[in-house]
Amino acid sequence: MSQPLLEVRNLRTYLTVNGQDIKAVNGINFSIGKGETFCLVGESGSGKSISALSVMRLLPQGIHSHPSGEILFNGRDLLQLDDSAIRAIRGSQIAMIFQEPMTSLNPVMTIGDQIIEAIQLHQAGISHEEAAAQTIKALEQVQLFNSQERLKSYPHQLSGGQRQRVMIAMALACKPQLLIADEPTTALDVTVQAEILKLMRKLQDETGMSMLFITHDFGVVAQMAHQVGVMYQGNLIETGATGAILRHPQQAYTRQLLAAVPENMVRTALIGSANQAGNEPEANQPASLLTINQLKVWFPIKKGIFRKTVDFVRAVDDVSLTIQQGQIVAVVGESGCGKTTLGRAVLQLEKPTSGSVKLDNQELTGLSSQELRLLRRKMQIAFQDPQSSLNPRLLIETALTEPMKVHRIGINQEERIELAGQILESVQLKREFLWRYPHEFSGGQRQRIGLARALVLNPEFIVCDEITSALDVSVQAEILQLLLKIRQERNLTLLFITHNIGVVEYLSDRTVVMHNGKIVEHGATTQVCGTPQHPYTQKLLAAVPRLMR
Amino acid sequence: MINNEISHESFSARIWRKTLGGVGVKLGLAWVIFLVFAAVFAPFLANSMPLLMSKNGVISAPVFNYLSQEDVWVLAVFFLALFVFRLKIGLGKRVLVYVLGGFLCAILVSLWIKPPVLIIYDDFRSARFTDVDWRIMPPIPYAPSDYLRDLGSKGLEAPLATDGALHLMGTEENGADVLSRMIHACRISLSIGFISSGIALVIGVIVGGLMGYFSGIVDMLGMRLVEIFEDIPTLFLLLTFVAFFGRSLYMMMVIIGVTGWSGYARYVRTEFLKLRKQDFVQAAVASGLPLTSILFRHMLPNGVAPLLVAASFGVAGAILSEATLSFLGLGVVDAPSWGQMLDQAVKSSTFNWWMALFPGGAIFMTVFSYNLIGEAFRDAIDPKLSRNAGVN
Chain A
409 MSQPLLEVRN LRTYLTVNGQ DIKAVNGINF SIGKGETFCL VGESGSGKSI
459 SALSVMRLLP QGIHSHPSGE ILFNGRDLLQ LDDSAIRAIR GSQIAMIFQE
509 PMTSLNPVMT IGDQIIEAIQ LHQAGISHEE AAAQTIKALE QVQLFNSQER
559 LKSYPHQLSG GQRQRVMIAM ALACKPQLLI ADEPTTALDV TVQAEILKLM
609 RKLQDETGMS MLFITHDFGV VAQMAHQVGV MYQGNLIETG ATGAILRHPQ
659 QAYTRQLLAA VPENMVRTAL IGSANQAGNE PEANQPASLL TINQLKVWFP
709 IKKGIFRKTV DFVRAVDDVS LTIQQGQIVA VVGESGCGKT TLGRAVLQLE
759 KPTSGSVKLD NQELTGLSSQ ELRLLRRKMQ IAFQDPQSSL NPRLLIETAL
809 TEPMKVHRIG INQEERIELA GQILESVQLK REFLWRYPHE FSGGQRQRIG
859 LARALVLNPE FIVCDEITSA LDVSVQAEIL QLLLKIRQER NLTLLFITHN
909 IGVVEYLSDR TVVMHNGKIV EHGATTQVCG TPQHPYTQKL LAAVPRLMR
Chain B
696 MINNEISHES FSARIWRKTL GGVGVKLGLA WVIFLVFAAV FAPFLANSMP
746 LLMSKNGVIS APVFNYLSQE DVWVLAVFFL ALFVFRLKIG LGKRVLVYVL
796 GGFLCAILVS LWIKPPVLII YDDFRSARFT DVDWRIMPPI PYAPSDYLRD
846 LGSKGLEAPL ATDGALHLMG TEENGADVLS RMIHACRISL SIGFISSGIA
896 LVIGVIVGGL MGYFSGIVDM LGMRLVEIFE DIPTLFLLLT FVAFFGRSLY
946 MMMVIIGVTG WSGYARYVRT EFLKLRKQDF VQAAVASGLP LTSILFRHML
996 PNGVAPLLVA ASFGVAGAIL SEATLSFLGL GVVDAPSWGQ MLDQAVKSST
1046 FNWWMALFPG GAIFMTVFSY NLIGEAFRDA IDPKLSRNAG VN
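In order, the protein sequences belong to chains A and B. Residues in the first sequence are numbered consecutively from 409, following this note's numbering. Residues in the second sequence are numbered consecutively from 696, following this note's numbering.
1. Counting contacts by CB-CB distance shorter than 9 Å, is V980 (chain B) in contact with chain C?
2. Only counting runs of 4 or more residues, tell me where the alpha helix (DSSP H) segments fall wholly within the region 487-575 of chain A, in order along the chain.
3. Would you mind giving the Cβ-Cβ distance between F904 (chain A) and A738 (chain A), rounded to the nearest angstrom? I have them listed as a contact below 8 Å.
4. Identify which residue in A:I534, A:Q531, A:H530 and A:Q570 has its Cα closest to the Cα of E548 (chain A).
5. Counting contacts by CB-CB distance shorter than 9 Å, is F791 (chain A) in contact with chain B?
6. Please classify D766 (chain B) as buried or exposed, where buried requires at least 16 other C-beta atoms within 10 Å of its C-beta.
7. At a CB-CB cut-off below 9 Å, which residues of chain B make contact with L865 (chain A)?
8. Pull up the DSSP beta-bridge partners for C447 (chain A), would you.
9. What's the gap between the Cα of F924 (chain B) and the Cα of G899 (chain B)?
10. Using a Cβ-Cβ distance under 9 Å, would V814 (chain A) count as near chain B?
11. Mind checking if P800 (chain A) is an interface residue toward chain B, Cβ cutoff 9 Å exclusive?
12. Taking Cβ to Cβ, would you say C582 (chain A) is nearer than 9 Å to H530 (chain A)?
13. Would you say R824 (chain A) lies against chain B (beta-carbon separation less than 9 Å)?
14. For a minimum of 4 consecutive residues, which ranges assigned as the alpha helix (DSSP H) are wholly contained in the region 738-796 of chain B?
15. Just to confirm the assignment, what range does the alpha helix (DSSP H) spanning G435 (chain A) have?
16. Kindly identify the DSSP beta-bridge partner or partners of W706 (chain A).
17. Is DSSP giving F904 (chain A) helix, strand or coil here?
18. With DSSP collapsed to three states, give me the class of N418 (chain A).
19. How far does the alpha helix (DSSP H) with R964 (chain B) in it reach, from first residue to last?
20. Mark T543 (chain A) as exposed unless 16 or more other C-beta atoms lie within 10 angstroms of its C-beta, in which case mark it buried.
21. Of all the residues that make up the region 955-975 of chain B, which are near chain A by a beta-carbon distance shorter than 9 Å?
22. In terms of residue numbering, what span does the alpha helix (DSSP H) encompassing V881 (chain A) cover?
23. How is the alpha helix (DSSP H) around C881 (chain B) delimited, first residue to last?
24. Within 10 angstroms of the Cβ of D613 (chain A), are there 16 or more other Cβ atoms? Answer buried if so, exposed if not.
25. Give me, in chain order, the residues of the same chain whose beta-carbon lies closer than 6 Å to that of G686 (chain A); leave out the 5 immediate sequence neighbours on both sides.
26. Thinking C-alpha only, which one of B:A981, B:R971, B:I1076 and B:G1009 is nearest F991 (chain B)?
27. When burial is assigned at 16 or more other CB atoms within 10 Å of the CB, is F1072 (chain B) buried or exposed?
28. Suppose the cutoff is 6 Å on Cβ atoms and the five residues either side in sequence are ignored; what does the same chain contact list for V804 (chain B) look like?
29. In three-state terms, what does DSSP make of I1089 (chain B)?
30. Shortest alpha-carbon distance to T901 (chain A) belongs to which of A:D917, A:I887 and A:V463?
31. By the criterion of Cβ-Cβ separation under 7 Å, what are the contact partners of H862 (chain B) in chain A?
32. Does any residue of chain A bring its CB to less than 9 Å from the CB of S707 (chain B)?
33. Taking any Cβ of chain A, which residues in the region 994-1010 of chain B have a Cβ under 7 Å from it, in chain order?
34. Is there a Cβ of chain A sitting closer than 9 Å to that of S988 (chain B), yes or no?
35. Let me check understanding here. Comparing Cα to Cα, which of A:I523, A:V449, A:L892 and A:I713 lies closest to Y562 (chain A)?
36. So that I know if they touch, is there some Cβ in chain B lying closer than 9 Å to that of L832 (chain A)?
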């Protein structure tokens, strides 16, 4: 290979926060050849985004410094260029796309105007008509059809995947040599992600551009990268060809990270779940704990002065499901398929429009809130977002003992505190954490506390609503193992809502696939994921980026 | 990676620390604390009678014989506040103890304290009080309504005028000491700010909280009520009431409070609408907690911050309302207030700068202080702003 397009030599980026230097990037070296894709992979806070922003020189002035390092782009050191020179390179030679397609487009400008502006900025003297023609071409290139009309649409009129396509079109409009993509598919559904990744590979083949691709998902790495760099605490601990790293990682951290990918975890856990499946002959089925019958949750769409109901959003539409004692049932589906609403409707946090939910043969729908309060003990919920799931004003002790007090568990406060301490220990946290506030914990710890809060009432049934999707893969692995342990200790029944097929395969006994509010496929996990019957399930499974194919 | 060291302070402790971090807010707070001190101890700071005197070997404190019911109540409530602050109980209980204690004090004071109906200030300069072994006078030895006739005061003496007695801020047209009147006027400004904002807060939190939590039809009706109250011109309502029912400070407080809650209700409503669907509130519902706990333990503390900001601006607004009314000559008659002193300054035949500058400056400083405190609060609550304001 001739001279690389981008060469980063011993780059250090320090951020100054409150007078302290944080070594966000601590001496990394890598290079990207022409037409090549280099993937930076690592967990949150490992410095991968900071590295990319350093290349773009997009870090905020005044709080960052580069004590050492060179970023050679076509042989020129980007760190030495002045502002006007770097601006000439940004956009026209190096372009960037971001994670969040909602916020990276200007909501008050049509997408046409935004792309035309970018083109006119970088190609001096181009007329508006020519730029518009180029824009249409660019939109067609990213397979956004009806591009003539799309020019006039505003970002909110597009779906997440369409917006990301617009971002790519905008980035590629000036035919850059290097595209930096910072987690471009993380916010997208798995089927949309598959399309976007395919599109990016196709565009790379057509234009011969290089890509610096940042992701935390090894499945995406396996699909996209020629070269991989694994980042950990600001250091690039391992680089190499994708296949070599994925199959024969040299560093302990890389091995650990790869082992935490649910797809790899399955191999050790399969034995357990296979046993369970074997011990479960049809004749000897355990009692069913939860029975959902023709459950519907419809949200009315109201229009006009008199707020007449014109139609309904059928979030959950005619769902019937039986969950046996001690089972983990996973509900999978893409965003908007109604899986979260289903979880909330089961707990009566969302009032069902019709249908019935029976827990232990006790009908839950139609009960008054007073009657429900007594039953709430048996069923609990754990949430996705570690930021908002705990009351920031209350000590963990209060958050855990207050429900116990209401349900008369424990004779006095001392006993309840003792119980709360035991439960914290059972989710592998320290007893002293009772006397802290939520903001003192990391995301993974907060999710454990959220689980502890669900467990204090000693419920029979817990709805886990995407509890691992905001977490890093190694923390996710710990939480999943913890869930299996708790399930075994307490014979718990879980309704596990997720969009991550890997997690489903690792954790659940049965799988329910939802699409547009309806259950499209339902059965044992090995069956649903191994030999899917319904075309939607097949499409979903095919879209999952796998490590090995 | 950025938060290696985790602080162990609670959310509210952090907000307080950030609020108090700036220089402006410290100055503002210092001024307000100074005002509180002046308001509580006004009879001991500016009065015509000796604080302590010894006559023929008998030590007495004449000032205590002349304390009014109001003076005693204010003192009692002040020390009750200090006591409640030291109690180790929850905030809700503290407020309850304080309010009940305040009422109890008011009843006891009205039963026990019987001050003389008429005070003749000239007496204190007669031999009965001056021919003593020793005596300690207040720092400003003039009561606010002591017109110093026996001293031959002609009124309208400029500050530090050397003929006759020393007056740091001069005298007004009747001959009373301006500084003494300023000190006693603190009370009206402080109490009208706190009490009327307190009334508005209570109504606002209840109405706004119900609107936010129940939403739907309750919200719709509540918002219409808010809009009705927003359309009432407070000043003209006050004028009308003064015209019909005469002048009363308490009536003013109630009217300003009852018409001023709509802003608070909007804030609480918005916060509650937002919090209602938060995961931790849903978790509280899923744990079967009672409604009072969900509303007041899980929702209100998380939504109270913008309210406090609004309240500190509201206090400033109430002070201005009173000053405006007094300036128009419709304020309280029997006690001095800053607005009323401004009115005096304008009405006297010649312009006397000391009569306008000092009360005007005090109003300005007080309103400015509350605004500084309110802004610091707002910046502390908003993490983005707190970084910019340098109060990290």
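For every residue, glycine included, the Cβ atom is placed at its ideal position computed from N, Cα and C.
The relevant details are as follows:
1. The displayed structure is made up of protein chains A and B, and chain C is not among them.
2. Restricted to the region 487-575 of chain A, the alpha helix (DSSP H) segments that are unbroken, complete and at least 4 residues in length are 491-497, 519-530, 536-549 and 555-558, listed in chain order.
3. The count along the first sequence starts at 1 and reaches residue 904 (chain A) at position 496. The count along the first sequence starts at 1 and reaches residue 738 (chain A) at position 330. At roughly 5 Å, the Cβ-Cβ gap stays under 8 Å, so F904 (chain A) and A738 (chain A) are in contact.
4. On the first sequence, position 140 is the one that residue 548 (chain A) refers to. Out of A:I534, A:Q531, A:H530 and A:Q570, A:Q570 has the C-alpha closest to the C-alpha of E548 (chain A).
5. Along the first sequence, read from residue 1 onward, the residue named residue 791 (chain A) stands at position 383. F791 (chain A) counts as touching chain B.
6. Sequence index remark: in the second sequence, residue 766 (chain B) carries index 71 (1-based). Burial call: buried.
7. As a first step, residue 865 (chain A) must be located in the first sequence, where it is residue number 457. Within 9 Å Cβ-Cβ: S982 and G983.
8. In the first sequence, the residue the question calls residue 447 (chain A) occupies position 39. The partner list for C447 (chain A) (beta bridge, DSSP) reads A:F621 and A:V636.
9. Sequence index remark: in the second sequence, residue 924 (chain B) carries index 229 (1-based). Sequence index remark: in the second sequence, residue 899 (chain B) carries index 204 (1-based). So the alpha carbons of these two residues sit roughly 11 Å apart.
10. By one-based count along the first sequence, residue 814 (chain A) stands at place 406. Taking Cβ atoms only, chain B reaches closer than 9 Å to V814 (chain A), which makes this a yes.
11. Here residue 800 (chain A) is taken as the residue at index 392 of the first sequence, counted from 1. Contact of P800 (chain A) with chain B is assigned, a C-beta pair being separated by under 9 Å.
12. Here residue 582 (chain A) refers to the residue found at position 174 when the first sequence is read from its first residue. Here residue 530 (chain A) refers to the residue found at position 122 when the first sequence is read from its first residue. Their beta carbons are under 9 Å apart, which means C582 (chain A) touches H530 (chain A) by this criterion.
13. For the purposes of this step, residue 824 (chain A) is identified with residue 416 of the first sequence, where counting begins at 1. Chain B, which has no Cβ nearer than 9 Å to the Cβ of R824 (chain A), makes this no.
14. The region 738-796 of chain B contains these whole alpha helix (DSSP H) runs: 757-760 and 764-781.
15. On the first sequence, position 27 is the one that residue 435 (chain A) refers to. Here G435 (chain A) belongs to no alpha helix (DSSP H); instead the beta strand (DSSP E) covers Q428 to I440.
16. Here residue 706 (chain A) refers to the residue found at position 298 of the first sequence. Its beta-bridge partners are A:R722.
17. Sequence index remark: in the first sequence, residue 904 (chain A) carries index 496 (1-based). It is a strand residue.
18. Within the first sequence, the letter at position 10 stands for residue 418 (chain A). Strand at N418 (chain A).
19. Counting from one through the second sequence, the residue named residue 964 (chain B) turns up at place 269. First-last of the alpha helix (DSSP H) with R964 (chain B): S957 to R971.
20. Along the first sequence, read from residue 1 onward, the residue named residue 543 (chain A) stands at position 135. Buried, because 16 or more other Cβ atoms sit within 10 Å of the Cβ of T543 (chain A).
21. Q973, D974 and F975
22. Along the first sequence, one-based indexing puts residue 881 (chain A) at 473. Looking at the DSSP string, the run of the alpha helix (DSSP H) that includes V881 (chain A) is V881 to R898.
23. What you label residue 881 (chain B) is simply residue 186 of the second sequence in a count that begins at 1. C881 (chain B) -> alpha helix (DSSP H) spans V873 to F909.
24. To locate residue 613 (chain A), count along the first sequence from 1; it is residue 205. Classification of D613 (chain A): exposed, given that the 10 Å Cβ count is below 16.
25. Position 278 of the first sequence, counting from 1, holds the residue named residue 686 (chain A). For G686 (chain A), the predicted structure reports a pLDDT of 42, less than 50, and the residue's modelled location is therefore unreliable. The matter cannot be settled from this model.
26. The residue labelled residue 991 (chain B) in the question sits at position 296 within the second sequence. F991 (chain B) has its Cα closest to that of B:R971, out of B:A981, B:R971, B:I1076 and B:G1009.
27. Within the second sequence, residue 1072 (chain B) is the residue found at index 377, counting from 1. When all chains shown are included, F1072 (chain B) counts as buried.
28. Translated into positions along the second sequence, residue 804 (chain B) becomes position 109. Result list for V804 (chain B): Q764, V767 and W768, in chain order.
29. The structure shown does not extend to residue 1089 (chain B), since chain B spans only 696 to 1087, so no value can be given for it.
30. Here the question's residue 901 (chain A) lines up with position 493 in the first sequence. Answer by Cα proximity: A:D917.
31. In the second sequence, counting from the first residue as 1, residue 862 (chain B) sits at position 167. Within chain A, no residue comes near H862 (chain B); the closest Cβ sits about 52 Å away, beyond 7 Å.
32. Position 12 of the second sequence, counted from the first residue, corresponds to residue 707 (chain B). So yes, S707 (chain B) belongs to the interface.
33. P996 and N997
34. Working through the second sequence from its first residue, we reach residue 988 (chain B) at position 293. Closer than 9 Å to some Cβ of chain A, the Cβ of S988 (chain B) qualifies, so yes.
35. On the first sequence, residue 562 (chain A) is found 154 positions in, with the first residue counted as 1. Closest option to Y562 (chain A), Cα to Cα, is A:I523.
36. Looking up residue 832 (chain A) in the first sequence gives position 424. For L832 (chain A), the answer is no, since every Cβ of chain B falls outside 9 Å of its Cβ.
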